[in-house]
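Novice: These protein sequence lines map, in sequence, to chains A and B. Sequential numbering of the first sequence, starting at 168, is according to my numbering. Sequential numbering of the second sequence, starting at 349, is according to my numbering. For each residue, glycine too, the CB sits at the ideal point set by N, CA and C. What follows is a single structure, and I will ask about it in a moment.
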Amino acid sequence: DQQVKQNSPSLSVQEGRISILNCDYTNSMFDYFLWYKKYPAEGPTFLISISSIKDKNEDGRFTVFLNKSAKHLSLHIVPSQPGDSAVYFCAASGSGGGADGLTFGKGTHLIIQP
Amino acid sequence: DSGVTQTPKHLITATGQRVTLRCSPRSGDLSVYWYQQSLDQGLQFLIQYYNGEERAKGNILERFSAQQFPDLHSELNLSSLELGDSALYFCASSVAFGAGGLGEQFFGPGTRLTVL
Numbered sequence: 168d169q170q171v172k173q174n175s176p177s178l179s180v181q182e183g184r185i186s187i188l189n190c191d192y193t194n195s196m197f198d199y200f201l202w203y204k205k206y207p208a209e210g211p212t213f214l215i216s217i218s219s220i221k222d223k224n225e226d227g228r229f230t231v232f233l234n235k236s237a238k239h240l241s242l243h244i245v246p247s248q249p250g251d252s253a254v255y256f257c258a259a260s261g262s263g264g265g266a267d268g269l270t271f272g273k274g275t276h277l278i279i280q281p
Numbered sequence: 349d350s351g352v353t354q355t356p357k358h359l360i361t362a363t364g365q366r367v368t369l370r371c372s373p374r375s376g377d378l379s380v381y382w383y384q385q386s387l388d389q390g391l392q393f394l395i396q397y398y399n400g401e402e403r404a405k406g407n408i409l410e411r412f413s414a415q416q417f418p419d420l421h422s423e424l425n426l427s428s429l430e431l432g433d434s435a436l437y438f439c440a441s442s443v444a445f446g447a448g449g450l451g452e453q454f455f456g457p458g459t460r461l462t463v464l
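Structure (structure tokens):
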């Protein structure tokens, strides 16, 4: 049973436009959410996180939105750049503040078109 | 470079064998996590150690075990290997929890295990 779902295996966006990656979760005990980016032959790299007490967190070009009632979060990248082409993983954690085992989605491959 | 190192980078072995994967966390990080990434299952949490003690267990098989040593490096032992154990194994580390820490985990480059 997949507790974290990324329903789009891939997404193609033009350079300079907004990229929106979506993630749904089913476990209401999750209270900390993270986004990771992964290039081939490398480990995942932390991008941005959000606690369940917030509904938005921004860091430069990256913004994560959390809708707890819908159990949905999204990552917005504005503007999209060629270096953003990678696989993006949504991850969730329980009450350990994110410092326990993460439950990952299967990832969305983002392709930025020039 | 995340600061987390993993050795070896690649490992090829036969069914029934036993292997050990090694991880050195970032300097100052007390928590070490192990994850398995296979083609069909995605990234799955296996086990977490904090300052030498097991703290959380995920989908880790009984044939697998781990430990964290006093110098905080960790080893993941996989025994009686099966074809289905072929995967990428990632180690991650974090400072800890609380004290205002965000708990984000920093991943190593992974060990690719191939079981023939």
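For B:Gly456, decide whether its Cβ has a neighbour in chain E, counting only Cβ atoms nearer than 7 Å.
Specialist: The structure shown has no chain E; the protein chains it does contain are A and B.
Novice: Could you give the distance in angstroms between the alpha-carbon of B:Ser413 and the alpha-carbon of A:Lys204?
Specialist: 28 Å
Novice: Give me, in chain order, the residues of the same chain whose beta-carbon lies closer than 6 Å to that of B:Ile395; leave out the 5 immediate sequence neighbours on both sides.
Specialist: Trp382, Lys405, Ile408, Ala414
Novice: Report back the beta-carbon spacing between B:Ser350 and B:Arg366 to the nearest angstrom; my notes put them in contact at under 8 Å.
Specialist: Contact flag wrong, Cβ pair sits at about 28 Å.
Novice: Quick check on DSSP: helix, strand or coil for A:Asp191?
Specialist: strand
Novice: Would you say B:Glu452 faces chain A, with C-beta separation under 7 Å as the test?
Specialist: yes
Novice: Quick check on DSSP: helix, strand or coil for B:Gly446?
Specialist: With a pLDDT of only 42 at B:Gly446, under 50, the local geometry of the prediction cannot be trusted, and the value read off the model is given with reservation. Three-state DSSP puts B:Gly446 in coil, outside helix and strand.
Novice: I need the boundaries of the beta strand (DSSP E) containing B:Ser422, first residue and last residue.
Specialist: 422-426
Novice: Does the beta carbon of B:Gly448 sit closer than 7 Å to a beta carbon anywhere in chain A?
Specialist: Unreliable placement is indicated for B:Gly448, whose pLDDT of 39 sits below 50; the coordinate value is still reported in the next sentence. B:Gly448 does not count as touching chain A.
Novice: Taking all protein chains shown into account, decide if B:Thr368 is buried (16 or more other Cβ within 10 angstroms of its Cβ) or exposed.
Specialist: That one is exposed.
Novice: Does the Cβ of B:Thr459 lie closer than 6 Å to at least one heavy atom of the ligand SAH?
Specialist: For the ligand SAH, the structure offers nothing, since it holds no ligand at all.
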